[in-house]
Ligand code: F3S
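Residue numbers (the numbering used here): 5 to 394.
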């Protein structure tokens, strides 16, 4: 791998231990994937922010990085953490968890990372442009920016994205190179307009292709549909980029003649639905995977307006602090049913301490709740889930 003199000096420790560790990791990744060199990035988005997912080992790693003087060189944001920073007592969180979680956020903050803690930073806190090279972790977000914006990132892990943020560079391979962004299969989608059907579509495609780069015909996703498709494809498979005809900035750049076509219609959506639904009654309904946008919060508020909460099923609405603080009137309606939680989600919070059966409208959460949170899952459309609480 070719390193510039400046990059080699960082590797030799001339810029401090934190930068040296970061360079060691980026170079190691570059060697594995046969990168010829590094590429400058304009932003990073980091996962590994919840104490539940990184534990004491992760906390110690961050303490070491901060002690080594690590600071990020490019605008960087953070994925959801294990609790709402001000309302964690409503989430059945212990004092010990809260203390360690707050320390993790403090450590990231002291490296210069914006502690906005959302998986949808592309809606405000961190918005890449077409052609930007970035280093993003969080499978749904990185797929969204590759596919709906045309920025370029690989599927980074938390430590890799942090290292890239510290250097302002990442190894130049995979989806950073135009030739690797070519579609590998055509998806002929025949689905309805609902958000849930778009989530099921992503689930069905992830199940059908595993990884690769699908090229969609027959859908025109906006932000909300795009984020739920991206999330489901990345969770059911390992899709890090997709093209949508008429939407993806690069969709015309490749010759797709001769690619295999897979039809996804009612039958495939039904199969995807049946795979995820394992329970008929739940203790918690959690919406906002990926984080709810202002539009989604408004739509939920309109569905709940004038209704009264019934039963003892809890309901959580997960979003970012930035969105929560903008939607005060709609948030007031939602709060009559359950907390609007900021900067956290049902998967990275330790919900298994309080619940064993959870409902979601997100196929991504439907995949992860059983494995990461020991939950039996109900996965349905928002309108149907809300009927459980009114
Ligand atoms: Fe975001 Fe949590 Fe879902 S990080 S994509 S809400 S699992």
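Backbone N, C-alpha and C fix where the C-beta goes; we use that ideal spot for every residue, glycine too. If you're wondering where the values come from, they're calculated on a predicted model, not measured in any experiment.
Helix, strand or coil, according to DSSP, for residue i in the structure here?
i           : result
residue 318 : strand
residue 345 : strand
residue 289 : strand
residue 255 : coil
residue 49  : strand
residue 335 : helix
residue 125 : helix
residue 192 : strand
residue 103 : helix
residue 297 : coil
residue 80  : strand
residue 385 : coil
residue 96  : coil
residue 39  : coil
residue 375 : helix
residue 14  : helix
residue 68  : helix
residue 23  : helix
residue 9   : helix
residue 282 : coil
residue 311 : coil
residue 57  : helix
residue 328 : helix
residue 380 : strand
Is any non-hydrogen atom of the ligand F3S found closer than 7 Å to the C-beta of residue i, if you look at the structure I gave you?
i           : result
residue 149 : no
residue 292 : yes
residue 121 : no
residue 366 : yes
residue 130 : no
residue 144 : yes
residue 371 : no
residue 79  : no
residue 49  : no
residue 202 : no
residue 351 : yes
residue 235 : yes
residue 84  : yes
residue 377 : no
residue 322 : yes
residue 96  : no
residue 295 : yes
Label residue i either buried or exposed according to how many other C-beta atoms from any shown protein chain fall within 10 Å of its C-beta, with 16 as the threshold for buried.
i           : result
residue 35  : exposed
residue 174 : buried
residue 230 : buried
residue 267 : exposed
residue 196 : exposed
residue 71  : exposed
residue 12  : exposed
residue 168 : buried
residue 306 : exposed
residue 9   : exposed
residue 183 : exposed
residue 88  : buried
residue 144 : buried
residue 274 : exposed
residue 220 : buried
residue 334 : buried
residue 37  : exposed
residue 224 : exposed
residue 151 : buried
residue 212 : buried
residue 314 : exposed
residue 99  : exposed
residue 347 : buried
residue 271 : exposed
residue 162 : buried
residue 185 : buried
Please look up how many angstroms separate the CB atoms of residue i and residue j, rounded, as I've assumed it's under 8 Å.
i           : j           : result
residue 5   : residue 31  : 6 Å
residue 74  : residue 23  : 7 Å
residue 118 : residue 147 : The pair is not a contact, with the Cβ atoms about 21 Å apart (cut-off 8 Å).
residue 165 : residue 140 : 6 Å
residue 371 : residue 193 : At roughly 20 Å, the Cβ-Cβ gap does not stay under 8 Å, so residue 371 and residue 193 are not in contact.
residue 356 : residue 299 : The Cβ separation is near 31 Å, so there is no contact.
residue 291 : residue 322 : 7 Å
residue 320 : residue 288 : 7 Å
residue 43  : residue 176 : 4 Å
residue 48  : residue 85  : Contact flag wrong, Cβ pair sits at about 17 Å.
(message) Report the start-end ranges of each beta strand (DSSP E) in the region 105-172 that is 3 residues or longer and not cut off at the edges.
(response) The region 105-172 contains these whole beta strand (DSSP E) runs: 138-140.
(message) Extract the residue ranges of the beta strand (DSSP E) inside the region 218-247, only unbroken runs of 3 or more that lie entirely within it.
(response) Qualifying beta strand (DSSP E) stretches, in chain order: 218-221.
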